[in-house]
Amino acid sequence: MTARTWIRSPLAVLTPGEDARGGIVVEGGRIIELLADGAEPATPCEEVVDAREHVVIPGLINTHHHFYQTLTRAWGPVASVELFPWLTNLYPVWARLTPRDLELATTVALAELLLSGCTTAADHHYLFPGGLDDAIDVQVSVARRLGMRAHLTRGSMSLGQDDGGLPPQSVVQAADTILADSRRLVETYHERGEGAQIQVALAPCSPFSVTREIMRDSAVLAEELDVRLHTHLAETLDEEDFCLQMFGMRTVDYLESVGWLGDRAWLAHGIHFDDGEIARLGAAGTAVAHCPTSNMRLASGTCRVLELEEAGVPVGIGVDGSASNDSSNMIEEVRQALYIQRLRYGAAAVTPEQALGWATRGSARALGREDLGEIAVGKQADLALFRLDGLRFSGSHDPLSALLLCGADAADRVMVAGQWRVVDGAIPGLDVEALVAEHSTAARRMVAEV
Ligand SMILES: [Zn+2]
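Position 291, counted from 1, in the sequence shown is what numbering that gives the first Met the number 0 calls 290; the numbers after and before it change by one each time, with no gaps.
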C-alpha cells in the first residue's frame, strides 16, 4: 500500500470556497492536506499523480439502485409502459433469479458505476425467490472484491396479490423470515463509524408490496439495531391512489403512521408531495433519493428538489434499477438531474456545481455518512478523476461545467479509501468481456418463454 499520494495540480477540482489548485494529499485512506496553487505537500509523497489534465470531484454516491435489474434492461414488453404494468410484467421474470445471476448482475452494476466515477453505491434488493436466501451475502462479496463502498439494503415484499398487493404470491415472504434475515445481515456485515465499507439498511419495498406491519416492525428493528431505513415513496399517482384506497391516507401520512417520518429514513423518488408534506419531511430530516432518468423513463413525474432542500430534506441522486434507466452511469445521471431540475425551476436556478453537490454531499447525507461526499481534510479519500481530451469535450472552456454539459460518461481514475480502483479507464483485474458474455447469457435465459 502506498503511504502517501499527491494528486498534483488538477486542471480543476470541486472544493467550493477552498483553493486546492496545488492538489490533494492522501494518507491512510483519508485526505490529509489540500494545497493552494503552487504549494507543496508538508512531507514528501511516495506516489505523485500528475492531474494537470484531470477534473477532480468527490467520488459520486449512488443512493438508489436494483443491481439485479441489469438482467432485464431494455426488455421489449416493458420498454414503453408506466410503473404498475412495468412491474406486473417483470415480477414473473425476476422470480427466476439465481445466486449466480445476482452475482453477475451485481458485478455488472457496480463495475458500471465505478467506471462512471461512483465510489459508494446503495442497492435496494427485495427479491428473495426460493434458493436466493443469501442474496445480500452475494452482494457483499462482490462489493468487497471491487473495493467499493456499498450500502446494501435488506429489502422485502410481503403483500401479495391475494391480500390486495401488486406482486404475485411467489415473490413475497413471511414477516418472520424477513425480520430474522434483516437482523442476521446487520449483525454479520454492518460496519459502523468512519470509513465503513459495507453498511446494511432495512428496506420494505413500497406501500403496494409490503404490509403495514412489516413497515412498522422494520422501523422498530432499525431503531434497535441503529441502522437506516429505505423504501420507495410517492413515485407515481397510482401509488398515491393505492394508499388512499388501501390505507385511507396519503403517502406521508402512511409513512408517519408506521413510524418512518424521521432522519433514519431515505426515500426513493419522493415526487408526489404537496407543500405541507414537504415541510413535514424537512422538519423530520427524512431524505430523498432523486432518480431523474427512471422518473422520465416511466413518466412518473418530477421531484421538487429545490423545494425539498429549502425545507431541510437531504437530497441525493440515484440511477435507480437498470430496468427503468437502463444504465448505471452515475455521472450521466447527474447531468439528467441538472437538466430536469432546470426544466422545473429555470436555467439560472440550478448550476452544474449544485447538481454535483446532490450526487456527493447530498447523497452522503441521505445515507447518513459524514465522512464521505466532500474533498476536505479529514474526509475519506474517495475521488473521481475525469479527462477532458475526448471529442465530446473539444472546444469546451470551463472544465467543471464541461463535465456535465458535454456529457462525460467515464472516469479515467477512481480512488476509494485511498486505493486506486479505476486506472486508465479500466478496473484492474476485471475481465469485462467475459463478464458481459456470461451476464448476457443469463439475461437471455431469464426472459426465455415467460
Ligand atoms: Zn427503485
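The C-beta atom is built at its ideal place from N, Cα and C for all residues, glycine as well.
Next on the checklist: Quick check on this structure: which residue in 258, 191, 61 and 448 has the alpha carbon closest to the alpha carbon of residue 216?
Outcome noted: 258
Checklist entry - For residue 521, which three-state DSSP category applies? => result This structure cannot settle anything about residue 521, because the visible part of the chain is limited to 0 through 449.
Item to check | Beta-carbon proximity list for residue 277, same chain, < 8 Å, skipping 5 on both sides | outcome: 303, 306, 307, 310 and 312
Item to check | Length of the line joining the Cα atoms of residue 35 and residue 84 | outcome: 55 Å
Checklist entry - Taking Cβ positions, are residue 146 and residue 28 nearer each other than 9 Å? => result no
Next on the checklist: What does the Cβ neighbour count give for residue 43, buried or exposed, with the cut at 16 atoms within 10 Å?
Outcome noted: exposed
Checklist entry - Does ligand 1 have a heavy atom nearer than 8 Å to the CB of residue 123? => result yes
Checklist entry - For the beta strand (DSSP E) that residue 259 lies in, which residues bound it at each end? => result First-last for residue 259: undefined, no H or E at that position.
Item to check | Spatial distance of residue 242 from residue 148 (CA atoms) | outcome: 34 Å
Checklist entry - How close, in whole Å, do the beta carbons of residue 22 and residue 6 come, if the pair is a contact with beta carbons under 8 Å? => result Yes, they are in contact, since the Cβ atoms of residue 22 and residue 6 sit about 5 Å apart, within 8 Å.
Checklist entry - Along the chain, which unbroken stretches of the beta strand (DSSP E) at least 3 residues long are found entirely within the region 100-172? => result 117-124 and 148-155
Item to check | Sub-9 Å separation of residue 72 and residue 325 beta-carbons | outcome: For residue 72 and residue 325, yes; Cβs fall inside 9 Å.
Item to check | Limits of the unbroken alpha helix (DSSP H) element including residue 339 | outcome: 329-344
Checklist entry - So is residue 332 buried or exposed if we call it buried at 16+ other beta carbons inside 10 Å? => result buried
Checklist entry - According to DSSP, which residues form a beta bridge with residue 232? => result 268
Next on the checklist: For the beta strand (DSSP E) containing residue 30, name the first residue and the last one.
Outcome noted: That run of the beta strand (DSSP E) goes 29-34.
Item to check | Contact check, residue 107 vs residue 327, beta carbons under 9 Å | outcome: yes
Checklist entry - Residue range of the beta strand (DSSP E) that residue 418 falls in? => result 418-421
Checklist entry - Is it the case that the CB of residue 299 approaches a heavy atom of ligand 1 more closely than 8 Å? => result Answer for residue 299: no, Cβ out of range of ligand 1.
Checklist entry - Does the beta carbon of residue 319 fall short of 8 Å from some heavy atom of ligand 1? => result yes
Checklist entry - Going by DSSP, which residues form a beta bridge with residue 273? => result According to DSSP, which records beta bridges pairwise, residue 273 is partnered with nothing at all.
Checklist entry - First and last residue of the alpha helix (DSSP H) that includes residue 213? => result From DSSP, the alpha helix (DSSP H) with residue 213 extends over 211-224.
Checklist entry - Identify the residues that DSSP records as bridge partners of residue 324: which are they? => result Per DSSP, none; premise fails for residue 324.
Item to check | residue 242 Cβ short of 8 Å to ligand 1 heavy atom set | outcome: no
Checklist entry - Does ligand 1 have even one heavy atom less than 8 Å from the beta-carbon of residue 323? => result yes
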